[in-house]
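2 protein chains.
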Amino acid sequence: MRDRFSCHAPTLPATKQPRSKSLAVTVHDVARVAGVSIITVSRAVTNPDRVSAPTLDRVREAIARTGYVPNLIAGGLRSRRSKLVAAVVPSLTGGVFTETIESLTLALGAHDYHVLLGQAGFTQAGEDKLLDALLGRRPDGIVLTGVMHSHEGRTRLLASGIPVVETWDLTSTPIDMIVGFSHERLGFDVADFLLSRGRKKLGIVSGDDDRARQRNEGFCRAAARGGVRTPQIELVHSPTTHEKGRAGFAALLDKHPDLDGVFCGSDALAMGALTECLVRSIPVPEDISIVGHGDVNFAASLHPPLTTVRIDYDRIGRTAAQFIIDRAEGRTVDNRIVDIGYSIVSRGSA
Amino acid sequence: MRDRFSCHAPTLPATKQPRSKSLAVTVHDVARVAGVSIITVSRAVTNPDRVSAPTLDRVREAIARTGYVPNLIAGGLRSRRSKLVAAVVPSLTGGVFTETIESLTLALGAHDYHVLLGQAGFTQAGEDKLLDALLGRRPDGIVLTGVMHSHEGRTRLLASGIPVVETWDLTSTPIDMIVGFSHERLGFDVADFLLSRGRKKLGIVSGDDDRARQRNEGFCRAAARGGVRTPQIELVHSPTTHEKGRAGFAALLDKHPDLDGVFCGSDALAMGALTECLVRSIPVPEDISIVGHGDVNFAASLHPPLTTVRIDYDRIGRTAAQFIIDRAEGRTVDNRIVDIGYSIVSRGSA
DNA sequence: ATGAAAGCGCTAACAG
DNA sequence: CTGTTAGCGCTTTCAT
Chain V
-18 MRDRFSCHAP TLPATKQPRS KSLAVTVHDV ARVAGVSIIT VSRAVTNPDR
32 VSAPTLDRVR EAIARTGYVP NLIAGGLRSR RSKLVAAVVP SLTGGVFTET
82 IESLTLALGA HDYHVLLGQA GFTQAGEDKL LDALLGRRPD GIVLTGVMHS
132 HEGRTRLLAS GIPVVETWDL TSTPIDMIVG FSHERLGFDV ADFLLSRGRK
182 KLGIVSGDDD RARQRNEGFC RAAARGGVRT PQIELVHSPT THEKGRAGFA
232 ALLDKHPDLD GVFCGSDALA MGALTECLVR SIPVPEDISI VGHGDVNFAA
282 SLHPPLTTVR IDYDRIGRTA AQFIIDRAEG RTVDNRIVDI GYSIVSRGSA
Chain B
-18 MRDRFSCHAP TLPATKQPRS KSLAVTVHDV ARVAGVSIIT VSRAVTNPDR
32 VSAPTLDRVR EAIARTGYVP NLIAGGLRSR RSKLVAAVVP SLTGGVFTET
82 IESLTLALGA HDYHVLLGQA GFTQAGEDKL LDALLGRRPD GIVLTGVMHS
132 HEGRTRLLAS GIPVVETWDL TSTPIDMIVG FSHERLGFDV ADFLLSRGRK
182 KLGIVSGDDD RARQRNEGFC RAAARGGVRT PQIELVHSPT THEKGRAGFA
232 ALLDKHPDLD GVFCGSDALA MGALTECLVR SIPVPEDISI VGHGDVNFAA
282 SLHPPLTTVR IDYDRIGRTA AQFIIDRAEG RTVDNRIVDI GYSIVSRGSA
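Protein sequences appear in the order of chains V and B. Start counting the first sequence at -18; every next residue gets the next number (the working numbering). Start counting the second sequence at -18; every next residue gets the next number (the working numbering).
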């Protein structure tokens, strides 16, 4: 059997042949085994319709026999389509973004795109640095989940020409495409909800990130419009946790024992608040209403069941994936701003 | 100014020049601006020590001026080092693996490696298919978190020659490297712990995955050795959630109201059990002891604080990262099986 | 310390 | 339907 590198270096002495790499099965090997040209192998893999049935069979058999795994790095270099999508989250901990990442990964995977995961932390510097590193991979799309953007980051992203999807937020001036909801409006509606339940002494426990602040603003605006006193706010450092929820709620209650309605910036925080109520024997929702944010999987089965704001995480992920794929395949995305809204799920805690 | 593609196609008419790509800044452009050769640019980026200080300065300025972002795809193709690590999890939901992924991503990121995220689901077919797709990216390492492996998958992985780290488990026959702990022993120790607290009527609520079964086996073995009756087991489908914990625990208790010690296969399940106890006014730990697994962030702040098994997630992630990096840089890993152990954290719930 | 040549493995573009 | 040629952007190897 002829050496498979013979086409490149037919006169090379046997000892100099680079046969070191174990999985160096390439299109050449498959082509030789199948008795076709390399481009036919390439087509059989990426575009089977363009190859006749018998040829396809032979190529497929050759692939199976050689154990060929197409090198997407090489293909991506030439075709300028990496089939890679960079997803940037502040943190995986906290559970807020995992569901979006999960559905994004799944939706992209169905189209042979893979997700490059980046954790930026909650700082701008972290995001910028990460973005730079990720850009080097020439992803076919970038999905930013709930991050703040520096001017430099925006510029760089814009200059790259890579489709960008911002998520978890809504602005009239997205970098490119965006799918999310208005945090300000959400906060407003939650306060309205509490007011409609007769609550008048409102409070907030939330993270200190940008989106939380927007929700808080909306909340306070509704409170003002409703004629009740200005809500008391207790901020904790993002990411939010059950523990911080307990501590934050406790601090809030110690300062303002008369509170009768508290909006928590995440379900984890709300769960912490519920725990604190349990410990202090404060009946919920009789003495105080607790509202969460996120409707994560434990919210409905808590005791009392948590009233919270439902976000369609899955739809965020799927929409972002669709945005990227559409653009990567050359289609134009006409509706680049998608408001997926939210809904207040009224359960036992409020 | 001369067109930057002139070196390739000096006589090409202006209209045919492929100037479409906006971010098509390459080493050539930087080299021209800096007045050096392309290889010098390459070295300035990846190996600054091999370039003289003044040259380095000029190159760096040229990079800044052109906005050059090295194409890692191209570099990876030539150097055969993708600086990509594939991480495979069954699911991100459930929160069990997110912490490992988080620390893995961070530890790898510090060495300019990026994580390619794959979700295999809880089936073998899903894992095999995903593995194949991931292999095409020629990752420098593969981290398998808590998955079951098909024979075919093992073979393929072995044939690829790519460093593989299995995590979250321990076996004497790893594919390559492994960092985890013995689930069987852990289950045994938890039962022992409960027995030492005087509990005699034991039960289990757990997921139906492999590792959970191992823990359950160990648990039952310890129970048998302790001379108490065989533990009652209630399985729920993985991934585990708070809701399934409530339901599973309720079902278990309905069938066996005399239980006085329950081991839950995850903290989420345990939290569900605690909720159910709260609803049924069953005092914990007076009437029944609840032990979780994982010591996730809410465990300590629940009421009562959850007795659980602490796993050093972070160390799993960091060890896996170190394994991969060592191997990728050509170092030999002598200790390829790392047992990170676990510890039972005794809190209020047991 | 710097450069020239070669080519990683694949696919776009154009034949036939 | 199939093949030929060229080259993606970088780094290896070898030279200077």
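Where is the CB? At the ideal position from N, CA and C, for every residue including glycine.
Given 8 Å, three or more beta-carbon pairs between the region 179 to 193 of chain V and the region 232 to 250 of chain V | yes
Please name the residue in B:S219, B:T7 and B:V314 whose C-alpha comes closest to that of B:F103.
-> Taking the second sequence and counting its residues from 1, the one referred to as residue 103 of chain B is at position 122. Taking only the C-alpha atoms, the option nearest B:F103 is B:S219.
Please name the residue in B:R308, B:T222 and B:L111 whose C-alpha comes closest to that of B:T130.
-> Taking the first residue of the second sequence as 1, we reach residue 130 of chain B at position 149. According to the sequence as given, residue 130 of chain B is His; it is not Thr. By alpha-carbon distance to B:H130, the top candidate from B:R308, B:T222 and B:L111 is B:L111.
Start and end of the alpha helix (DSSP H) containing B:R299?
-> Numbered from 1 along the second sequence, position 318 holds the residue referred to as residue 299 of chain B. Start and end: Y294 to A309.
Examine the Cβ distances between the region 207 to 216 of chain V and the region 255 to 266 of chain V and report whether three or more of them are shorter than 8 Å.
-> no
Of all Cβ atoms in chain B, is any one closer than 9 Å to the Cβ of V:M252?
-> Looking up residue 252 of chain V in the first sequence gives position 271. So, interface residue.
Which of helix, strand or coil DSSP assigns to B:S33 = Within the second sequence, residue 33 of chain B is the residue found at index 52, counting from 1. DSSP places B:S33 outside both helix and strand once states are collapsed to three, so it counts as coil.
Rounded C-beta distance between B:L167 and B:R196? I'm assuming under 8 Å.
-> Within the second sequence, the letter at position 186 stands for residue 167 of chain B. Within the second sequence, the letter at position 215 stands for residue 196 of chain B. Sure, about 6 Å apart at Cβ, within 8 Å.
Could you tell me which of V:D239, V:A15, V:T7 and V:R24 sits nearest to V:N52, measuring between CA atoms?
-> Along the first sequence, one-based indexing puts residue 52 of chain V at 71. Among V:D239, V:A15, V:T7 and V:R24, the Cα nearest to that of V:N52 belongs to V:T7.
Segment limits, alpha helix (DSSP H) that includes V:I82 | Within the first sequence, numbered from 1, the residue matching residue 82 of chain V stands at position 101. T79 to G90 is the extent of the alpha helix (DSSP H) around V:I82.
Taking just the CA atoms, how far does B:M252 sit from B:D239?
-> To locate residue 239 of chain B, count along the second sequence from 1; it is residue 258. To locate residue 252 of chain B, count along the second sequence from 1; it is residue 271. Those two C-alpha atoms are separated by around 20 Å.
Any idea if B:G170 is buried or exposed, counting beta-carbon neighbours within 10 angstroms, 16 or more meaning buried?
-> Along the second sequence, read from residue 1 onward, the residue named residue 170 of chain B stands at position 189. The sequence shown places Asp at residue 170 of chain B, rather than the Gly named in the question. That one is buried.
Give the DSSP bridge partners of V:S187, in chain order.
-> Looking up residue 187 of chain V in the first sequence gives position 206. Beta-bridge annotation (DSSP): V:S187 is paired with V:L216.
For B:L240, three-class secondary structure by DSSP = Translated into positions along the second sequence, residue 240 of chain B becomes position 259. Three-state DSSP puts B:L240 in coil, outside helix and strand.
Could you give the C-beta distance for B:T154 and B:F78, rounded to a whole number, given that I count them as a contact under 8 Å?
-> Indexing the second sequence from 1 puts residue 154 of chain B at position 173. Indexing the second sequence from 1 puts residue 78 of chain B at position 97. Not confirmed; about 23 Å, so no contact.
Per-residue contacts from B:T154 into chain V (C-beta, under 7 Å) = For this step, residue 154 of chain B is matched to residue 173 along the second sequence. Chain V residues near B:T154: none, gap ~21 Å exceeds 7 Å.
Would you check if there are 3 or more beta carbon pairs closer than 8 Å linking the region 28 to 36 of chain V to the region 32 to 46 of chain B?
-> no
Within the 9 Å Cβ cut-off, does B:T86 reach chain V?
-> Within the second sequence, residue 86 of chain B is the residue found at index 105, counting from 1. Cβ-Cβ to chain V under 9 Å: yes for B:T86.
Is B:G199 helix, strand or coil when you go by DSSP?
-> Against the second sequence, residue 199 of chain B aligns to sequence position 218. Three-state result, B:G199: helix.
B:I271 bridges to which residues according to DSSP?
-> If you number the second sequence from 1, residue 271 of chain B lands on position 290. BP columns for B:I271 point to B:V243.
Residues in the region 91 to 120 of chain V with C-beta within 8 Å of chain B's C-beta atoms, listed in sequence order?
-> D93, H95, V96, L97, L98, G99, Q100, L111, D113, A114, L115, L116, G117, R118 and R119
What's the C-alpha gap between B:V22 and V:E108?
-> Along the second sequence, read from residue 1 onward, the residue named residue 22 of chain B stands at position 41. Along the first sequence, read from residue 1 onward, the residue named residue 108 of chain V stands at position 127. Cα to Cα, the separation comes out at about 26 Å.
Is the Cβ of B:R308 closer than 9 Å to any Cβ of chain V?
-> On the second sequence, residue 308 of chain B is found 327 positions in, with the first residue counted as 1. Contacts with chain V at 9 Å (Cβ-Cβ) do not include B:R308.
Close Cβ partners of V:R328 (< 8 Å) along its chain, the five nearest in sequence each way excluded = Here residue 328 of chain V refers to the residue found at position 347 when the first sequence is read from its first residue. A280, A281, P285, P286, L287, T288 and T289, listed in sequence order.
Within the 9 Å Cβ cut-off, does B:H218 reach chain V?
-> To locate residue 218 of chain B, count along the second sequence from 1; it is residue 237. No, because no Cβ of chain V sits closer than 9 Å to the Cβ of B:H218.
Taking Cβ-Cβ distances below 8 Å as the criterion, which residues of the region 37 to 58 of chain V are in contact with chain B?
-> G48, V50, P51, N52, L53, I54, A55, G57 and L58
Below-9 Å beta-carbon distance, V:R135 vs any chain B residue = Within the first sequence, the letter at position 154 stands for residue 135 of chain V. No, its Cβ sits nowhere closer than 9 Å to a Cβ of chain B.
Alpha-carbon spacing of B:A140 relative to V:A5, whole angstroms = Residue numbering aside, residue 140 of chain B sits at position 159 when the second sequence is read from its first letter. Residue numbering aside, residue 5 of chain V sits at position 24 when the first sequence is read from its first letter. Their backbone Cα atoms lie some 11 Å apart in a straight line.
V:H132 to B:A91 span [Cα, whole Å] = Sequence index remark: in the first sequence, residue 132 of chain V carries index 151 (1-based). Sequence index remark: in the second sequence, residue 91 of chain B carries index 110 (1-based). If you take the alpha carbons of V:H132 and B:A91, they lie about 24 Å apart.
To the nearest angstrom, report how far apart B:A204 and B:S177 are at their CA atoms.
-> Position 223 of the second sequence, counting from 1, holds the residue named residue 204 of chain B. Position 196 of the second sequence, counting from 1, holds the residue named residue 177 of chain B. When rounded, the distance between both Cα atoms is 11 Å.
C-beta atoms of V:L85 and V:V69 nearer than 9 Å = Within the first sequence, the letter at position 104 stands for residue 85 of chain V. Within the first sequence, the letter at position 88 stands for residue 69 of chain V. In this structure, V:V69 does not lie closer than 9 Å to V:L85 by Cβ.
Is B:R180 helix, strand or coil when you go by DSSP?
-> In the second sequence, residue 180 of chain B corresponds to position 199, counting from 1. B:R180: coil per DSSP, three-state reduction.
Please name the residue or residues paired with B:D320 in a DSSP beta bridge.
-> Residue 320 of chain B sits at position 339 when you count from the first residue of the second sequence. Its beta-bridge partners are B:G161.
Test: V:N28 CB closer than 9 Å to a CB of chain B | Against the first sequence, residue 28 of chain V aligns to sequence position 47. By this cut-off, V:N28 is not an interface position.
In the DSSP assignment, find the beta strand (DSSP E) that holds V:L65 and state where it starts and stops.
-> As a working mapping, residue 65 of chain V is identified with position 84 in the first sequence. Run containing V:L65: L65 to V70, per the beta strand (DSSP E) assignment.
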